[in-house]
Amino acid sequence: MADKIKAKEVLFNPLSKNNPVVVQILGICSVLAVTAKLEPSIVMGVSVIAVLAFANVIISLLRNTIPTNIRIIVQLVVVAGLVVIVDQVLKAYAYDASKQLSVFIGLIITNCILMGRLEAFAMANKPWPSFLDGVGNGIGYAVILVIVGFFRELFGSGTLLGYQVIPQSFYDAGYVNNGLMILPPMALILVACIIWVQRSYNKDLQED
Amino acid sequence: MNKQSNTYTIIYIIVLVIVVGTALAATALALRPRQQENINADKMAQILAAAMITPEKDGIVADFDRYITSQFVVNERGETLDNVKAFDVDVATQSKLAPDRRELPVYVCTVSEGVQKYILPVYGAGLWGPIWGYVAFDADGSTIYGAYFAHQGETPGLGAEIEKPAFSSQFAGKQVFKDGRFRPIAVVKAGQAPLDGEDYVDGISGGTITSKGVGSMLDNCLTPYKKFLQNLSQQTVR
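Here the protein sequences come in this chain order: A and B. Going by the numbering used here, the residue at position 120 of the first sequence is 101; the numbering climbs one at a time, nothing skipped. Numbers in the numbering used here are just positions in the second sequence, counted from 1, shifted up by 215.
Given below as structure tokens:
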């Protein structure tokens, strides 16, 4: 019973109370870079979930064999390998998205969330909780990406996933897309808004 | 066994690298054919973009076959080379050879019944990495019908603007043969004009090196086509 509650916590805590992006403020760089449109945000989110879950499991399986003084290198090799595989798969099955994401898939390697989870969780826990932790944190990251991508594409381009959402009659009546939404600073402002909303709901996260 | 010893560490990392390396090599090999298909389809879409045709997402290959009615390779003297397929020519390598040794691909695009455009590839260097594009000529061999440019990693908002229609559409209607001389379009600072009366387009403010790169790319890659374009214009006159 106790185990079950823990598994639940491991999986769901990163979604809100311990969200890697809005609470731990990790991985902000890629949130700015890839969220101008919704589709790359989703692809990036799914890629991070996959890489994080598998890296966590692999490192967790190896945790008792890894020599301490090269553990960071081992983690990097595993993450780098997974990232290249994801990049290759995207090039084969989602070429347009991979063109848009260009270097950012490769830069998942440098995403602090990954090294953070591997070092803090996978090195000390069994494979199954590590898998849940990876999926949880990945989803926590992806959720923020999708929220930011949704608002930036909706107000910046008037589309969602490339489909026109804001009707033509709005434009005829003088509505103009907000060009600022497309620019990276707007992602930062949106992330700040999410943080604001989240902190006002979770009083215990507020700092004095 | 001492897990902190040097021997263990070295053997561990060697085994790890071999395992990861094998996994990567296997993935790359397994996915290569599909990736190549995507790359080819993307190249086809870019070629069609120069003739201002936007193919359907799923029908790129079909559209390419429909519009590009023939493709061939010429040399600097304007002679058609047999047994080389234009689509297979690697423009990046060719653009670095001496002009008289290059294989120069030509795509003939039939935009509508009897109206043919000649699409020529170009390749050069921007600020951070390679830039490339396709330039479509009218059948008179001098007037540019349309152009498409792309880049690998130019600065967003500055050099990267060359891929926007705002830049490439400036090329439409420009002449490469002017006053009987062959001069591929210059790219100059907005508001300026070349002294010798060459046709020109405005470069990108803040993207000076990329803009200059486009200019020298056009010089380098279009000049070898001089003879071919001349022949083309003579055919049309006749």
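All residues carry an ideal CB built from backbone N, CA and C; glycine is no exception. What you are looking at is a predicted structure, and each value in this text was computed from that prediction instead of being measured.
Within the segment 328 to 405 of chain B, the complete beta strand (DSSP E) segments of 3 residues or longer fall at 330 to 340, 345 to 352, 359 to 366 and 401 to 403, listed in chain order.
Asp280 (chain B): not part of any beta strand (DSSP E); member of the alpha helix (DSSP H) spanning Ile275 to Tyr282, first to last residue. By DSSP's assignment, Pro320 (chain B) forms a beta bridge with B:Val288. Residue A:Ile89 holds the alpha-carbon nearest to the alpha-carbon of Cys10 (chain A) among A:Val178, A:Ser181, A:Ile89 and A:Arg98. Assignment of Tyr156 (chain A) by DSSP, reduced to helix, strand and coil, places it in the coil class.
Ile125 (chain A) counts as buried, since no fewer than 16 other beta carbons sit within 10 angstroms of its beta carbon. Burial is judged here by how many other beta carbons sit within 10 angstroms of a residue's own beta carbon; Val350 (chain B) has at least 16 and is buried.
Here the C-alpha atom of Ala61 (chain A) lies approximately 10 Å from the C-alpha atom of Val55 (chain A). Cβ-Cβ separation between Leu373 (chain B) and Phe352 (chain B): approximately 29 Å, too far for a contact (criterion under 8 Å). Interface flag for Val65 (chain A) against chain B is set, since a Cβ pair is found closer than 8 Å. Annotation: Leu263 (chain B) has no Cβ neighbours in chain A at a cutoff of 9 Å; minimum Cβ distance is about 16 Å.
Unbroken alpha helix (DSSP H) runs of no fewer than 4 residues, entirely contained in the segment 26 to 105 of chain A, are found at 52 to 74, 76 to 82, 84 to 87 and 93 to 101, following chain order. Taking a Cβ-Cβ threshold of 9 Å, the residues of chain A close to Ile228 (chain B) are Pro48, Ile51, Ile54, Val55 and Val58, in chain order. Look at Val230 (chain B) here: in three-state DSSP terms it is helix. In this chain, Val416 (chain B) is not harboured by any alpha helix (DSSP H); it is covered by the beta strand (DSSP E) spanning Tyr415 to Asp417.
Leu164 (chain A) sits in coil when the DSSP states are folded into three classes, being neither helix nor strand. Residues are counted here when their Cβ sits less than 7 Å from a Cβ of chain A; for the segment 235 to 267 of chain B these are Val235, Ala238, Leu239, Thr242, Ala243, Leu246, Arg249, Gln250, Asn253 and Asp257, given in chain order. Per DSSP, Gly117 (chain A) is one residue of the alpha helix (DSSP H) stretching across Pro108 to Ser138. Residue pairing for Gln145 (chain A): DSSP places it in a beta bridge opposite A:Thr140.
Sixteen is the threshold: when 16 or more other Cβ atoms of the shown chains lie within 10 Å of the Cβ of Asn92 (chain A), as they do, the residue is buried. Judged by their CB atoms, Lys389 (chain B) and Ile400 (chain B) are nearer to each other than the 8 Å cut-off. Counting every other CB atom within 10 Å of its CB across the protein chains shown gives Tyr333 (chain B) a total of 16 or more, marking it as buried. Per DSSP, reduced to three states, the secondary structure at Val429 (chain B) is helical. Beta bridge pairing from DSSP links Thr295 (chain B) with B:Val289. Taking Val67 (chain A) as the centre and dropping the five residues before and after it, the same chain places the C-beta of Ser28, Ala31, Val32, Ile86 and Ile89 closer than 8 Å to its C-beta, in chain order. The Cβ atoms of Gly97 (chain A) and Pro(-5) (chain A) lie no closer than 8 Å to each other.
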